[in-house]
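Here's the structure, in structure tokens; my notes come after.
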Amino acid sequence: MPEFEPRLLHRRWVHAHEEDTDREMVFRPAEVELPPSRGRVAFELRPDGTFVESGIGPTDRSEPASGRWQLEDGEKIVLGEGAPGGAPRVMRIAALDQDRLVVER
Amino acid sequence: MSPAPRRRRCGAMQVHERLLETHPSFRQNQARIDQFTERSIASGVAQGVTRKLITIPVVVHVVYKRDRENISKAQIRSQISVLNRDFGATNPDKSKVPAVWKGLVRNAKIKFALATKDPKGKKTDGVTRTKTNRSSFGADDSVKSASSGGANPWPRNRYLNLWVCNLGGGLLGYAQFPGGPGRTDGVVILYSAFGTQGEAKAPFNLGRTATHEIGHWLNLRHIWGDTMDCSSGDRVADTPNAAGPNYGKPTFPHITCNNGPNGDMFMNYMDYVDDAAMVMFSDGQITRMNAALAGPRSHFA
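Chains X and E supply the protein sequences, listed in that same order.
For the first sequence, counting from 1, position 96 maps to 95 in numbering that gives the first Met the number 0; every step adds exactly one.
For the second sequence, counting from 1, position 80 maps to 79 in numbering that gives the first Met the number 0; every step adds exactly one.
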């Protein structure tokens, strides 16, 4: 299991698809400027167990949703029901630091 | 925790859903349009609509604050040329379509031309230019109204309204499906993702953002069906379902949703790849666009 500080999760993460590999998805904190894109999923994990997210909507606008999340087995981010075009509902963390969240596809 | 910067929140109010909520008729219209689409394709009415070439008059509303956002006529013309190549399947890069799908590529017989008459019948070059004091616009339709710093649409039954502005939030463009309110009907595109020259910037400098958005305007869905778990498709039979958007310049085949051996049709205009990687509409998508032109957009047929 990778070593990381769970509190580092508590922020808004935006999909930096440019950095993805076949096996992993990369998210960057919202403060990091990313290039223009046809659409990016994003989610904010809050310490109180709630999340807000924006999925990719059917005409390219973002699709907001909110719900509850939890960290399972110390390594899996599990999002409750939210935007149909949002991030995966279960994401196993491969790496996490101040600048980057990497999850397995 | 610091608040997320505005640029990433832009468009957080998903306008399609908002429209469905604030305009219940939009939801009913969409349900009716979906039924019509199926029926008109089954009966052949949809396919009959493009027996002759359909020309759609286009008005480009350039809304700018900085000079560079006031794009040139040449940049606008370059976009219209791309649309005519892409919808006519005369784009040279269609050679990138894998052999297995080459048979699905055909001329949609839809042409785009800058309007020559304005709504009052006066001669026009099909371009309006509006100076605004807004540094950027969100995906909230504010660019479509003079009262919020944008430009009002021309009548949607006679023109395709195309707004070009500095769109915030890192977004390249957005559209509205048929059946929505007239005062917001059309597509919006970032000034640096429009056309092939002037301010257009790689990798979105081949005019494909407009091709994609006009696909939505003619009722096309994303090839992944707008769910990330293979649970729904795009209502077109010849585009394999995909798990989500593809980005960049993928390598064939990219298999998801048990769609092997050929995988996702990521070279389709309705995916999220770079401009250079999207090169085709499928036969089924063209038929679906025909149905839009036989029904909710029949004013142009």
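Cβ atoms here follow ideal geometry from the backbone N, Cα and C, with glycine treated the same way.
Quick caveat: nothing in here was measured; it's all calculated off a predicted structure.
Backbone CA spacing between residue i and residue j [nearest angstrom]
i	j	result
E/Gln29	X/Pro5	44 Å
E/Ala192	X/Val102	30 Å
X/Pro57	E/Lys72	31 Å
E/Tyr173	E/His215	9 Å
E/Gly137	E/Val104	35 Å
E/Ser147	E/Ser135	12 Å
E/Val96	E/Met279	7 Å
E/Gly283	E/Val48	14 Å
E/Leu170	X/Arg39	9 Å
E/Arg287	E/Ser39	9 Å
E/Leu217	X/Val77	37 Å
X/Gly84	X/Gly54	4 Å
X/Ala15	E/Ser42	45 Å
X/Ala93	E/Asp139	36 Å
E/Arg7	E/Lys51	Unreliable positioning characterises E/Arg7 in this predicted model, as indicated by a pLDDT of 31, which lies under 50. A coordinate reading is not provided.
E/Met227	E/Tyr246	14 Å
E/Thr46	E/Ile79	Per the sequence shown, residue 46 of chain E should be read as Gln rather than Thr. So the alpha carbons of these two residues sit roughly 24 Å apart.
E/Gly232	E/Glu37	15 Å
E/Met12	E/Phe203	Its pLDDT being 42, under 50, E/Met12 is placed unreliably by the model, and nothing is read from it.
E/Gly102	E/His221	21 Å
X/Ala64	E/Lys122	47 Å
E/Glu212	X/Met90	31 Å
E/Ile55	E/Thr195	21 Å
E/Phe299	X/Thr20	44 Å
E/Arg207	X/Gln69	39 Å
E/Leu19	X/Glu2	45 Å
E/Pro249	E/Arg133	37 Å
E/Asn165	E/His22	27 Å
X/Trp12	X/Ala41	5 Å
Where residue i falls, given that 16 or more other Cβ within 10 Å makes a residue buried
i	result
E/Ala114	buried
X/Pro46	exposed
E/Ser297	exposed
X/Gln9	According to the sequence provided, residue 9 of chain X is His. The question's Gln does not apply to it. X/His9 should be labelled exposed.
E/Asp66	exposed
E/Leu82	buried
E/Lys116	exposed
X/Gly80	Per the sequence presented here, residue 80 of chain X reads as Glu, with Gly not at that position. Result: exposed.
X/Ser36	buried
E/Lys108	buried
X/Thr49	exposed
X/Pro34	exposed
E/Gly149	buried
X/Ala32	One detail in the question is off: residue 32 of chain X reads as Glu in this sequence, not Ala. Answer is exposed; the Cβ neighbour count stays below 16.
E/Pro304	Any question about residue 304 of chain E goes unanswered here, given that chain E covers just 0 to 300.
Per-residue DSSP class, three states only, for residue i
i	result
E/Gly178	coil
E/Ala73	helix
X/Gln69	strand
X/Pro5	helix
E/Phe299	helix
E/Phe25	helix
E/Gly102	helix
X/Pro57	coil
E/Gly87	helix
E/Thr127	strand
X/Ala94	strand
X/Trp12	strand
E/Ala112	strand
E/Asn218	coil
X/Val40	coil
E/Lys51	coil
E/Asn289	helix
Presumed contact (8 Å Cβ cut-off) between residue i and residue j, rounded CB distance
i	j	result
E/Arg155	E/Asp124	Not a contact, Cβ separation roughly 20 Å.
X/Leu7	X/Asp96	7 Å
E/Ile75	E/Val142	Actually they are not in contact, since the Cβ atoms of E/Ile75 and E/Val142 sit about 16 Å apart, beyond 8 Å.
E/Lys130	E/Tyr63	6 Å
E/Asn69	E/Val61	6 Å
E/Pro180	E/Phe35	E/Pro180 to E/Phe35, Cβ: 19 Å. No contact.
E/Asp274	E/Leu205	4 Å
E/Ile188	E/Leu161	7 Å
Sheet register partners of residue i (DSSP bridge)
i	result
E/Met266	Answer is none; E/Met266 lacks a bridge partner.
X/Ala64	X/Glu52
E/Gly172	E/Ile188
X/Arg27	X/Val13
E/Met279	E/Asn267
X/Val102	X/Met24, X/Ile92
X/Ile76	X/Leu70, X/Met90
E/Lys122	E/Lys116
E/Asn160	E/Val58
E/Leu166	E/Phe136
E/His253	E/Gly262
Residue i beta carbon near the ligand MN (any heavy atom closer than 7 Å)
i	result
E/Lys110	In the structure on display, the ligand MN does not appear, and there are no ligands present to speak of.
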